[in-house]
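**Student:** Starting off with a structure, shown below.
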Amino acid sequence: MMVTQKKIIESSENVVDSTENNADLAENEDSIVGEMGDISKNTEDTEDNGDSAENIELKENSDKSTKNVAATLKQVEPPKESKTQAKVEYNSMKDKTKDMIEAKDAYNARMEVIRKKREAESDVDISHMLSDIGHEVIDSNSIISIIDSTSLPQPPTPEGPLLHNKVVMLSNSTQMAGPLRFAVDGFASEQQCQDLIDLELSGGVLGDGYMGRVSPHSEHELFQGMTVYLAAKLAEKGKVPPQTAALYYKLSEEARLQVKMYFKLTQELYFDYTHLVCRTTVKGKPVERTDLSHPVHSDNCLLKENGSCLKERPAYTWRDYSAILYLNDEFEGGEFIMTDATARRVKVQVRPKCGRLVSFSAGKECLHGVKPVTKGRRCAMALWFTMDPTHNEESRQKAEKILKRLLKDEL
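Using full-length UniProt numbering, the first residue of the sequence shown is number 1, and each one after it goes up by one.
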């Protein structure tokens, strides 16, 4: 970075550090604009070719905001320029403008950090929550509850292509309170949802996908699931209709295509794991629960108490994106949730329903979990994707061969 920009960043750190003790974010922003005016003046001295429009505007902002800077930052000594510091010479006004824009972006980035910090500090208190991180949550004061399109303040704008005209945008990244996430409706019909539920209930295995643990996350719920390979094998043995096993395969493939299209991925996206699963409330268990059906987590790193998320085993570090296709809503609780960086405040919750697809990136930027299912059975198709071809789901490829043979290449 050029010398001028280095000086700008050093000045930025002094300004932003002092603003952390100021309760009024608007005054901080005025301070930033005023300081940018001073920066404009410093860079102006390095060139004799006249003022650009950007420099003039910044200089005017400086004149208007000098008093604000003095009032909010009077305890901070402004950085002094070394008498021996060499002046920066730019090859063109374009280079000078670029340098100033980069400096302004640096200021904005620091201010965004402060804004998020203050937002968290003004949100619901979590200091009393002493359980392991991810195992206890509380709704944020600004929680967004997504039930249907009418539950949102404004219609969502797709940030990427939709697979076909039956797919309807439900919420984009803005409405889901974070980047790299979206939700759509209409991805499966009521009949398709029921066929997949019947498939899972007739051939699913207790503890499948969880190393045989029938209650992997909560003693109040039982998990039963099946892979697409198991569905194909059952069809091969005549225990389930091959068309239903093929439906499982086709809908999961369409979900992969939707994720790739929406996020505009230029690299190939492979399946890492495909799982059809139902979680059922254990009879006689209490309705009032403080645990979660699925603790808050990231899909490719290990969440730690200090807020870090380590990409190491046993995490599935190669996973890049995830998706969940919901199949029903005849149950209580079980909302899909996404939290802030603390993994304790719920920022958004999505109510499952037939044909609703939720997708998100697998990293720590999308911490997610499931609220307790307090009554009934919650069924969904869970999908994990990777860009690493070495982790392409082998059993899925075997399932494809079986289904093509059974359906005479109609798959």
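Cβ atoms here follow ideal geometry from the backbone N, Cα and C, with glycine treated the same way.
Which one of Glu102, Phe271, Ala246 has the shortest CA to CA distance from Asn392?
**Tutor:** By 1-based counting over the sequence shown, the position of residue 392 is 392. Comparing Cα positions, the closest option is Phe271.
**Student:** How many angstroms separate the CA atom of Leu327 from the CA atom of Ser145?
**Tutor:** In the sequence shown, counting from the first residue as 1, residue 327 sits at position 327. In the sequence shown, counting from the first residue as 1, residue 145 sits at position 145. Answer to the nearest angstrom: the Cα atoms are 19 Å apart.
**Student:** List the DSSP bridge partners of Thr274.
**Tutor:** Locating residue 274 in the sequence shown gives position 274, counting from the first residue. DSSP, once it has assigned bridges, lists Leu383 as partnering Thr274.
**Student:** Pull up the distance between the alpha-carbon of Met111 and that of Cys309, whole angstroms please.
**Tutor:** As a position in the sequence shown, residue 111 is number 111, starting the count at 1. As a position in the sequence shown, residue 309 is number 309, starting the count at 1. Whole-angstrom Cα-Cα distance: 24 Å.
**Student:** Could you compute how far the alpha carbon of Asn14 sits from the alpha carbon of Asp125?
**Tutor:** Position 14 of the sequence shown, counted from the first residue, corresponds to residue 14. Position 125 of the sequence shown, counted from the first residue, corresponds to residue 125. The pLDDT assigned to Asn14 is 44, lower than 50, so where the model puts this residue is not dependable; a value taken from the coordinates is nonetheless given after this. C-alpha separation (whole angstroms): 29 Å.
**Student:** In terms of residues, what are the limits of the alpha helix (DSSP H) holding Gln194?
**Tutor:** In the sequence shown, residue 194 corresponds to position 194, counting from 1. Counting along the chain, the alpha helix (DSSP H) containing Gln194 begins and ends at 190 to 203.
**Student:** At the 7 Å Cβ level, is His294 part of the contact set with chain D, yes or no?
**Tutor:** In the structure shown, chain D cannot be found, because there is only a single protein chain.
**Student:** With distances taken between CB atoms, is the gap from Tyr316 to Asn300 smaller than 7 Å?
**Tutor:** The residue you call residue 316 lines up with position 316 of the sequence shown. The residue you call residue 300 lines up with position 300 of the sequence shown. The answer is yes: Cβ separation under 7 Å.
**Student:** Can you check DSSP and say which residues form a bridge with Thr266?
**Tutor:** Reading the sequence shown from its first residue, position 266 is the one you call residue 266. Paired residues: none, contrary to the question.
**Student:** Please classify Leu199 as buried or exposed, where buried requires at least 16 other C-beta atoms within 10 Å of its C-beta.
**Tutor:** Reading the sequence shown from its first residue, position 199 is the one you call residue 199. Buried, because 16 or more other Cβ atoms sit within 10 Å of the Cβ of Leu199.
**Student:** With respect to the beta strand (DSSP E) encompassing Val214, which residues constitute its N-terminal and C-terminal limits?
**Tutor:** Here residue 214 corresponds to residue number 214 of the sequence shown, with the count starting at 1. Where Val214 is concerned, there is no enclosing beta strand (DSSP E), given that its DSSP letter is neither H nor E.
**Student:** For Arg256, which of Lys239, Phe331, Thr274 has the nearest alpha-carbon?
**Tutor:** The sequence position of residue 256 within the sequence shown is 256, counting from 1. Nearest of Lys239, Phe331, Thr274 to Arg256, Cα basis: Thr274.
**Student:** Can you say whether Val184 is buried or exposed, counting buried as having 16 or more other CB atoms within 10 angstroms of its CB?
**Tutor:** Position 184 of the sequence shown, counted from the first residue, corresponds to residue 184. That one is buried.
**Student:** What is the DSSP secondary structure of Asn141, reduced to helix, strand or coil?
**Tutor:** The sequence position of residue 141 within the sequence shown is 141, counting from 1. Three-state DSSP puts Asn141 in a strand.
**Student:** What residue does the alpha helix (DSSP H) around Tyr229 start on, and which one ends it?
**Tutor:** To locate residue 229, count along the sequence shown from 1; it is residue 229. Its alpha helix (DSSP H) spans residues 228 to 236.
**Student:** Taking the alpha carbon of Ser356 as the point to measure from, which residue in Leu180, Arg344, Glu332, Ala382 has its own alpha carbon closest?
**Tutor:** If you number the sequence shown from 1, residue 356 lands on position 356. Reading off the sequence, residue 356 comes out as Arg, not Ser. The shortest Cα separation from Arg356 among Leu180, Arg344, Glu332, Ala382 belongs to Ala382.
**Student:** Which same chain residues, not among the five before or five after Thr281, have their C-beta less than 7 Å away from its C-beta?
**Tutor:** Within the sequence shown, numbered from 1, the residue matching residue 281 stands at position 281. Cβ within range, chain order: His220, Glu221, Val373, Thr374, Lys375, Gly376.
**Student:** Measure the alpha-carbon distance for Glu89 versus Leu180 and round it to whole angstroms.
**Tutor:** As a position in the sequence shown, residue 89 is number 89, starting the count at 1. As a position in the sequence shown, residue 180 is number 180, starting the count at 1. Each residue's Cα considered, the two are about 41 Å apart.
**Student:** Could you tell me how far apart the beta carbons of Met261 and Leu163 are, in whole angstroms, since I believe they sit closer than 8 Å?
**Tutor:** As a working mapping, residue 261 is identified with position 261 in the sequence shown. As a working mapping, residue 163 is identified with position 163 in the sequence shown. Right, the Cβ-Cβ distance comes to about 6 Å (below 8 Å), so this counts as a contact.
**Student:** I'd like the list of long-range same chain contacts for His135, defined as Cβ closer than 6 Å, with 5 residues on each side in sequence excluded.
**Tutor:** In the sequence shown, counting from the first residue as 1, residue 135 sits at position 135. Here the set comprises Pro295.
**Student:** For Ser202, count neighbouring Cβ atoms within 10 angstroms of its own Cβ and tell me buried if that reaches 16, exposed if not.
**Tutor:** Here residue 202 refers to the residue found at position 202 when the sequence shown is read from its first residue. Exposed, by the Cβ-count rule.
**Student:** Cβ-heavy atom distance between Lys166 and the ligand GDP below 6 Å?
**Tutor:** Although the ligand GDP was asked about, the structure shown includes no ligands whatsoever.
**Student:** Distance check for Lys311 and Gln224, CA to CA, integer angstroms please.
**Tutor:** For this step, residue 224 is matched to residue 224 along the sequence shown. For this step, residue 311 is matched to residue 311 along the sequence shown. In a straight line, the C-alpha of Gln224 is about 28 Å away from that of Lys311.
**Student:** Got a sec? Which residues, its chain only, sit under 7 Å from Thr244 by beta carbon, not counting five neighbours each side?
**Tutor:** Numbered from 1 along the sequence shown, position 244 holds the residue referred to as residue 244. Asp195, Leu199.
**Student:** Using the three-state DSSP reduction, which class does Lys166 fall into: helix, strand or coil?
**Tutor:** As a working note, residue 166 is residue 166 in the sequence shown. In the structure shown, Lys166 sits in coil (DSSP, three-state: anything other than H, G, I, E or B).
**Student:** List, from N- to C-terminal side, the beta strand (DSSP E) runs of 3 residues or more that fit wholly inside the UniProt domain "Fe2OG dioxygenase" (274 to 387).
**Tutor:** Counting only runs of 3 or more, we get 294 to 297, 319 to 326, 331 to 333, 336 to 339, 345 to 350, 357 to 361, 368 to 370, 373 to 386.
**Student:** What would DSSP say about Asp132, mapped onto helix, strand or coil?
**Tutor:** Mapped onto the sequence shown, residue 132 falls at position 132. Asp132 falls in the coil class under three-state DSSP.
**Student:** On the DSSP bridge assignment, give the partners of Ser171 in chain order.
**Tutor:** Taking the sequence shown and counting its residues from 1, the one referred to as residue 171 is at position 171. Per DSSP, Ala183.
**Student:** Leaving out five residues before and five after Val228 in sequence, what residues of the same chain have Cβ atoms less than 8 Å from its Cβ?
**Tutor:** What you label residue 228 is simply residue 228 of the sequence shown in a count that begins at 1. Taken in chain order, the residues that qualify are Ala245, Tyr248, Tyr249, Ser252, Thr274, Leu276, Ser395, Arg396, Ala399.
**Student:** Would you call Ile56 buried or exposed, if buried means 16 or more other Cβ atoms sit within 10 Å of its Cβ?
**Tutor:** Position 56 of the sequence shown, counted from the start, is the residue given in the question as residue 56. No answer about Ile56 holds up, because its pLDDT of 44 lies below 50 and its placement is not dependable.
**Student:** Would you call Thr386 buried or exposed, if buried means 16 or more other Cβ atoms sit within 10 Å of its Cβ?
**Tutor:** Start at 1 with the first residue of the sequence shown, and residue 386 comes out as number 386. By the 10 Å Cβ count, Thr386 comes out buried.
**Student:** I'd like the span of the alpha helix (DSSP H) that includes Ile402, first residue to last.
**Tutor:** The residue labelled residue 402 in the question sits at position 402 within the sequence shown. That run of the alpha helix (DSSP H) goes 394 to 406.
**Student:** Is Ser298 closer than 7 Å to Leu367 when the C-beta atoms are compared?
**Tutor:** Counting from 1 along the sequence shown, the entry for residue 367 is found at position 367. Counting from 1 along the sequence shown, the entry for residue 298 is found at position 298. A contact, by the Cβ cut-off of 7 Å.
**Student:** Could you tell me how far apart the beta carbons of Leu325 and Phe187 are, in whole angstroms, since I believe they sit closer than 8 Å?
**Tutor:** The sequence position of residue 325 within the sequence shown is 325, counting from 1. The sequence position of residue 187 within the sequence shown is 187, counting from 1. Yes, Leu325 and Phe187 are in contact; Cβ-Cβ is about 6 Å, under 8 Å.
**Student:** Below 8 Å on the Cβ atoms is my contact criterion, and I expect Arg378 with Gly334 to pass it. Report the Cβ-Cβ distance as a whole number of Å.
**Tutor:** Mapped onto the sequence shown, residue 378 falls at position 378. Mapped onto the sequence shown, residue 334 falls at position 334. That belief holds up - the Cβ atoms of Arg378 and Gly334 are roughly 4 Å apart, short of 8 Å.
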